[in-house]
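Report on one structure; see the data block that follows.
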Amino acid sequence: MKHTLNTPQQQWVDRTLAGLSLEQAIAQLVNITRPMDDPDAWRRLLDQWPAGCISLRTKTADAYRTVVRAVQEHSAIPLLVVANM
Numbered sequence: 019m020k021h022t023l024n025t026p027q028q029q030w031v032d033r034t035l036a037g038l039s040l041e042q043a044i045a046q047l048v049n050i051t052r053p054m055d056d057p058d059a060w061r062r063l064l065d066q067w068p069a070g071c072i073s074l075r076t077k078t079a080d081a082y083r084t085v086v087r088a089v090q091e092h093s094a095i096p097l098l099v100v101a102n103m
């Protein structure tokens, strides 16, 4: 699905990208996959190994929502979240 950004959205992307260090920009290409339900474990993992995308497997939908909410609130840049629905 192709989506064209409006002007404020494109400006946010441009500002965000321009503000990234080389290491931060490269981290946006990394996808971490782990079968963990613990939001604190995810936060620690992302502190150690910054990534732009996560792929998680949880036991319940509630656990999935909890982890996604926690890591998004913890991340300076919104993460892409892989979902297999």
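Using the numbering used here, the first residue of the sequence shown is number 19, and each one after it goes up by one. Even for Gly, the Cβ is constructed at its ideal location relative to N, Cα and C. Fair warning: this is a prediction, and the values are worked out from it, not measured in the lab.
Length of the line joining the Cα atoms of residue i and residue j
i, j, result
"D32", "G70", "16 Å"
"Q28", "N102", "28 Å"
"V100", "T25", "26 Å"
Distance CB(residue i)-CB(residue j) smaller than 9 Å
i, j, result
"P68", "V89", "no"
"I95", "L47", "no"
"D55", "A79", "no"
Residue closest to residue i, alpha-carbon to alpha-carbon, out of the options
i, options, result
"R62", "T22, H92 and Q42", "H92"
"I72", "D80, T78, V86 and K20", "V86"
"I50", "I44, Q28, Q42 and L64", "L64"
"A59", "N24, N102, T76 and G37", "T76"
"Q42", "P26, Q66, T25 and T84", "Q66"
Exposed unless 16 or more other CB atoms sit within 10 angstroms - verdict on residue i
i, result
"L35", "exposed"
"L23", "exposed"
"L98", "exposed"
"L74", "buried"
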